[in-house]
Every structure is written in structure tokens, then in C-alpha cells.
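So the structure is just underneath, and the comments pick up after that.
Protein chains: 2
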Amino acid sequence: MFKVPDHQVAGHQAGNGVLGPLIDDSGHFYKPLQSGERGSKEVAFYKSFSSNTEIQDRIRKFFPIFHGTMLIEASDGSGLQPHLVLEDVVFRRLNPSIMDVKIGSRTWYPQASEDYILRCLKKDRETTSLPLGFRISGLQIFGSKESGVWRPDRKSIINFTAQNVRLVLRKFVSSNTSGDSSTEPDCSFASTVYSGSTGILAQLLELKAWVEDQTIFHFYSSSVLMVYERESIEKGMSSGATVKLIDFAHAVECDGVIDHNFLGGLCSLIKFISEILANLPSNTTKAFVKDLGNNCTC
Amino acid sequence: MFKVPDHQVAGHQAGNGVLGPLIDDSGHFYKPLQSGERGSKEVAFYKSFSSNTEIQDRIRKFFPIFHGTMLIEASDGSGLQPHLVLEDVVFRRLNPSIMDVKIGSRTWYPQASEDYILRCLKKDRETTSLPLGFRISGLQIFGSKESGVWRPDRKSIINFTAQNVRLVLRKFVSSNTSGDSSTEPDCSFASTVYSGSTGILAQLLELKAWVEDQTIFHFYSSSVLMVYERESIEKGMSSGATVKLIDFAHAVECDGVIDHNFLGGLCSLIKFISEILANLPSNTTKAFVKDLGNNCTC
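Here the protein sequences come in this chain order: A and B.
Mind the numbering: the first sequence is residues 338 to 635 in the working numbering, read in order.
Mind the numbering: the second sequence is residues 338 to 635 in the working numbering, read in order.
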């Protein structure tokens with residue numbers, strides 16, 4: 338009934354005696370509660386968020402649906418363990434391209450322990466979190482049935498520079514993507530995936546508008562997950578471009594102040610994507626970006 | 338010819354053998370070059386900024402005009418010393434109310450020395466910089482000819498909590514302001530000073546739109562200065578509400594990435610001010626805030 342997810346690009350992966358998330362064939366994602374207070378904090382976040390009546394559906398759609406917690410057989414063979422039961426955000430996606438972007442130049446929160454703060458600060462400084470306001474935590478890009486999926490290893494991802502990030506955000510929406518970095522990405526899916534009223538940029542801008550205004554949740558170390566399906570585009574169907582916010586083990590409630598740390602990083606990611614669109618040859622896309630700019634100046 | 342400024346609310350103040358800025362009676366502000374590379378970095382910033390042809394006048398107006406550097410007799414009696422010659426941003430303002438708000442949850446930049454980073458981090462954590470994304474560095478509020486100016490001492494300002502900041506931003510635009518914290522601020526100037534097309538909120542939103550887009554300058558430890566004149570309002574004239582950006586000893590050029598740290602803090606300040614306006618009884622002001630919200634969601 339339970340199986341290891343095919344499309345997990347970051348975090349601990351189940352299998353070979355390792356504890357990790359599982360999925361079923363009805364669209365549920367079972368995430369083991371993390372040790373210590375992380376697990377209980379993530380449950381508390383999902384409970385608080387899903388019961389908050391002020392959050393509108395246009396924002397709620399960015400979060401995995403929460404179905405409670407459940408004791409299930411853990412993937413590491415340790416017996417029954419508590420798991421969060423969430424929406425499987427890539428359910429029924431055949432060959433999705435996925436990018437996990439951890440948002441915020443600071444992944445630690447003021448109330449954390451000194452030891453935790455120092456470890457986070459070190460990692461933020463060693464990665465692009467500090468200079469860019471976000472870092473890529475994982476990705477997979479589907480090429481074709483023949484070439485399969487390109488999934489760089491974690492070590493190379495953690496060492497991404499600003500230049501690598503810029504390149505990978507272009508590769509993500511290119512038809513000639515491969516592990517070979519010498520190929521210039523053609524960005525042929527950029528306008529379909531990133532722009533348009535249902536594209537990733539429009540979704541990120543909707544999320545941004547909410548983050549500028551809401552003063553309840555602060556999301557430390559949470560990720561924006563960007564997903565689309567190349568094969569759908571090639572069949573002339575919708576790209577399935579979707580933005581989801583995931584990982585709330587360090588979400589805190591913070592009455593009365595916006596999440597300026599998350600907002601800054603999100604705006605930085607928006608700017609990176611906007612620049613890719615602004616540099617495309619297509620006039621249609623440029624006009625779209627310009628039009629968004631008149632409202633939101635991103 | 339040179340004199341000590343009347344309306345300096347933060348930074349080293351000239352006089353009694355202390356090195357500090359001076360003004361003249363033709364609208365110039367002479368700022369001693371700070372020691373080490375701070376001074377040369379601030380000069381470099383002003384040179385780069387003032388020679389940058391891409392910056393439009395609607396943004397340039399937020400920065401003091403730069404008139405070069407000059408050797409003048411220093412205020413501490415140490416003889417001729419190099420000074421930045423800047424626009425005196427409160428020139429000919431009789432009894433201005435002024436607030437200096439240091440923007441950014443992080444006042445240090447990645448390239449700084451370990452020692453400097455640790456000192457800044459400590460101060461950011463001890464003040465509201467970390468939780469709010471900004472901290473008040475200094476203020477003066479003009480009450481009346483009789484009551485004069487209320488200028489809290491530095492020690493109390495540095496200890497401001499989120500609640501103090503919220504209160505002081507309301508006191509700043511109240512007619513019953515005094516050092517006595519038991520009086521509920523009436524916010525009677527809030528709509529004149531903060532809202533409207535020439536008010537402080539509109540100016541901050543214009544600055545924000547630029548910060549979301551520009552990828553040249555990163556402003557660490559810079560301040561937004563907010564100024565207005567109560568007496569002008571009481572005479573039925575313009576409030577003279579003005580926003581200026583000052584202090585660029587730690588401004589760095591950072592090609593291709595937005596200043597997400599400054600942006601987050603600026604949006605947080607905008608939210609604080611928006612909330613003051615949203616809680617006013619006047620319907621006119623509420624409508625204005627709502628209208629802005631439709632474009633910018635602040």
C-alpha cells in the first residue's frame with residue numbers, strides 16, 4: 338500500500354533502512370514526524386493553518402492539504418511511527434520537472450537555540466541563501482523518455498553559486514537540458530511555464546502579495562516547490578505549472594509583523610525568473626512581464 | 338560659517354571636542370569621512386550613485402544631493418579633515434519632527450570581517466532589527482513652542498521593543514505627544530503625514546518599487562529618514578512630509594541581485610504605517626489605503 342515517492346528531490350529519502358516519506362496510490366503523502374520539537378511544530382503549523390478561517394482559497398491552494406496524523410509502519414523498519422498525512426503534491430504527475438527552493442537569507446528564527454542558530458548561519462553563509470535570499474535544495478528536470486531525468490547530486494547543489502542558480506533556473510525550462518553544463522539552455526518552455534496568468538511567476542506574485550500583508554506565520558527554512566510537466570506541453574496541453582509551499586518544521590506564529598525574511602527571498606526569486614523572461618526573444622512574454630510590472634514592479 | 342546641526346537625531350554629534358557633522362547657512366551638510374574604509378566607501382557610493390544615468394529623478398529625490406568632498410576644519414578641533422558635502426535634508430525646516438529608521442534585519446554584508454559581523458549580529462538580535470526588519474535609531478517629535486521637542490535618549494531608543502516601535506510610530510504623528518508614555522496618542526496628523534499622494538507611505542511605496550527592481554546597490558545599515566513639520570499643518574500648509582535615504586558607509590554594489598534584506602525591512606515598516614492608517618476612524622484614509630492595496634498589497 339505504501340511506497341517510496343519517485344519524485345522527491347530534497348530531504349531524507351526512504352529506503353535502505355532510512356526513515357523518509359511514503360506515498361499511497363490515492364494521493365496521500367506520509368511524512369514521518371521529525372525528531373524533537375520539529376515534528377510537533379510542523380503538526381502544530383498544519384493544524385493552525387488549516388483551521389484558520391481568514392486564509393482564502395487563493396492562498397490555501399499553495400499549501401498541501403492536511404489530513405491529520407497517522408501511525409504507520411515507518412520506512413526504516415522501526416515499526417509504527419507517527420506521520421503527517423498530507424496531499425501528495427505530485428500525485429498523478431508522470432514525469433514532472435521539480436525544483437525545491439528554500440526561501441529566506443536566514444533559515445533560523447530568533448527563539449532558536451544558540452547551537453542551532455550558529456549551524457544555520459554557517460550554512461546560510463556557505464550557500465546562496467545569504468547573497469540571494471534563497472537556495473536551491475533539490476531539483477529534477479525531465480528531458481525525454483530516452484534521456485530520462487537529470488537530478489544533480491546534493492553535493493553539487495549545495496555548492497551552487499549565484500551564476501549556477503541563474504543557469505539552473507534557465508535549464509529548468511529548456512528542452513535541451515542535460516547534466517552537461519556546456520550546452521546553452523534554449524529556454525523554450527520559459528514562457529509557457531514561467532509566464533502567463535497560470536504560470537509560475539503569476540503564482541509567486543500572488544503568494545508575494547499575501548506575504549506582504551499577512552502577519553501570522555513566519556516561514557523559516559520552508560521551501561517553494563515549482564513543478565511542471567514537459568510532456569504535457571509537448572502534447573499541447575497545460576504545462577501543469579504549480580507552486581507549492583512545503584516544510585514547516587520551523588514555521589512560527591508571529592503576531593503583528595510580516596515575514597520580511599521570507600518576503601525578501603521570495604522577491605529575489607521572482608526577480609531571477611522575471612529576468613529570464615525579460616531576456617527571451619518573444620515580444621508577447623516581454624509585454625506580459627511589463628504588464629505585471631505596472632502593478633507589482635517585479 | 339559652519340555650525341552644529343540642530344536636528345540631528347542619530348550618529349555622532351559635533352561639539353565638546355567630538356567629531357560630527359556640520360552645516361552652513363546655504364543648505365549644505367558636511368559629514369566627516371568615517372575612519373578606515375567606511376569613509377572612502379561612502380564617498381565611492383555617492384560618486385557611483387550620482388554618476389549613474391539609469392537612476393530616474395523620482396528615485397534620486399530620495400537621496401541627499403552630493404556636492405563632492407571638501408577639507409574643512411573638523412568639529413573636534415583636529416584641524417582640516419575631509420568631509421562629504423551633502424544636501425542638508427532639513428534645511429529651512431523650522432521645527433521638524435524627524436525619525437531615523439535603520440532598515441534591514443541584517444546590518445552586515447557577506448564580505449565584512451568576522452569581528453564586524455559578530456558585533457552587528459549581536460546588535461541586530463538585541464534590537465528590533467531581527468524581529469521587525471528595522472530599528473529606530475533616533476527621533477525627535479516637535480510638540481509646541483511651549484512643550485518644545487521630545488527627543489528620547491539613545492539608551493531608551495536602543496531598547497525599544499516591537500510594542501514601543503508601534504507606539505512611537507503613532508506618537509510621531511500625534512498632537513498630544515510627550516515623553517509621558519501613559520497618554521494615548523491621538524494620531525491626529527497621521528492621515529496628513531502618512532497617507533495621501535505626497536505622504537510618507539506613498540513615498541515609501543515608490544522607494545519599495547525601485548528596491549524590488551534595482552540590482553545595483555545593496556544598502557546595509559542605511560536609514561530611512563522621515564521628516565514633517567507640525568506647524569505647517571497647523572497653519573493649513575503642506576506637512577512637508579519627506580522620506581530620505583541616508584548613511585551609505587556600508588552600501589555595496591552587488592550586480593544582478595535585488596537588496597532582499599533592505600526590501601524585507603522596508604516592507605515591514607510600510608506594514609506598520611499602513612496598520613496605523615487602517616485603524617484610524619477616518620473613512621477617507623481607509624479608502625486610500627485600500628486603494629493602494631489593490632495595486633501593491635501593502
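Note that the Cβ used here is the ideal one computed from N, Cα and C, for glycine as well.
Taking 8 Å as the CB threshold, N513(B) stays off the interface with chain A. When DSSP states are grouped into helix, strand and coil, V502(B) belongs to the helix group. Distances from the alpha-carbon of F399(A) to those of L455(A), L541(A), G480(A), R491(A) put L541(A) closest.
For the region 597-619 of chain B, the set of positions with a beta-carbon nearer than 7 Å to some beta-carbon of chain A reads H597, N598, L600, G601, G602, C604, S605, K608 in chain order. The beta carbon of T520(A) lies closer than 7 Å to those of N513 in the same chain, with the five residues before and after it left out. Approximately 17 Å separates the beta-carbon atoms of G470(A) and I494(A); this is outside 8 Å, ruling out the contact. Per DSSP, the continuous beta strand (DSSP E) segment holding G475(A) begins and ends at 471-481. In terms of Cβ geometry, S511(A) and F526(A) form a close pair [threshold 8 Å].
Interface residue (Cβ-Cβ distance to chain B less than 8 Å): L455(A) is not classified as such.
Just so you know, the alpha carbons of A411(B) and Y367(B) end up roughly 10 Å apart. Within the model, the alpha-carbon separation for L417(B) versus P369(B) is close to 10 Å. Under a 10 Å Cβ-count criterion, P618(A) is classified as exposed, with fewer than 16 other Cβ atoms of the shown protein chains found around its own Cβ. The continuous beta strand (DSSP E) containing G405(B) extends over residues 403-410. The Cβ of S442(A) sits closer than 8 Å to at least one Cβ of chain B. Going by beta carbons, P522(B) and V594(A) fall outside the 8 Å limit. Taking a cut-off of 8 Å on C-beta distances, the region 339-346 of chain B does not touch the region 380-392 of chain B, as fewer than three cross pairs fall below it. Three or more beta-carbon pairs drawn from the region 441-457 of chain A and the region 552-561 of chain A are found closer than 8 Å, and the two stretches are therefore classed as touching. Chain-ordered, the chain A residues with CB closer than 8 Å to the CB of R462(B) read P447. Proximity of V594(B) to chain A, defined by a Cβ-Cβ separation below 8 Å, is satisfied.
With respect to V564(B), G573(B) sits apart: the two C-beta atoms are not nearer than 8 Å.
At a cut-off of 8 Å between beta-carbon atoms, A499(A) makes contact with chain B.
Membership of H587(B) in any alpha helix (DSSP H) is not indicated, and neither H nor E is assigned to it by DSSP.
Chain-ordered, the chain B residues with CB closer than 7 Å to the CB of G470(A) read H597. In this structure, N432(B) lies near E566(B), with their beta-carbon atoms less than 8 Å apart. Beta-bridge partners of M436(B) (DSSP): L476(B), M563(B). Your pair G601(A) and H597(B) checks out as a contact, with CB atoms roughly 3 Å apart and the cut at 8 Å. Between the C-alpha atoms of P401(B) and R430(B) there is a straight-line separation of about 15 Å. For V530(B), there is no enclosing beta strand (DSSP E); the residue is part of the alpha helix (DSSP H) that begins and ends at 527-531.
In the structure shown, W487(B) adopts extended strand secondary structure according to DSSP, grouped into three states.
For A546(A), the closest alpha carbon among the candidates G352(A), R491(A), Q393(A) is that of Q393(A). Only residues of its own chain outside the window of five on either side were considered, and among them Q477, F479 have a CB closer than 6 Å to the CB of V486(B), listed in chain order.
Contact of L467(A) with chain B is assigned, a C-beta pair being separated by under 8 Å.
Residue pairing by DSSP places G573(A) opposite no residue, since no beta bridge is assigned to it. When the alpha-carbon of S569(B) is set against those of F585(B), L562(B), T529(B), C604(B), the nearest one is in T529(B). With a threshold of 8 Å between beta carbons, E549(A) makes contact with chain B. Following the DSSP letters along the chain, one finds H344(A) in no alpha helix (DSSP H), marked with neither H nor E.
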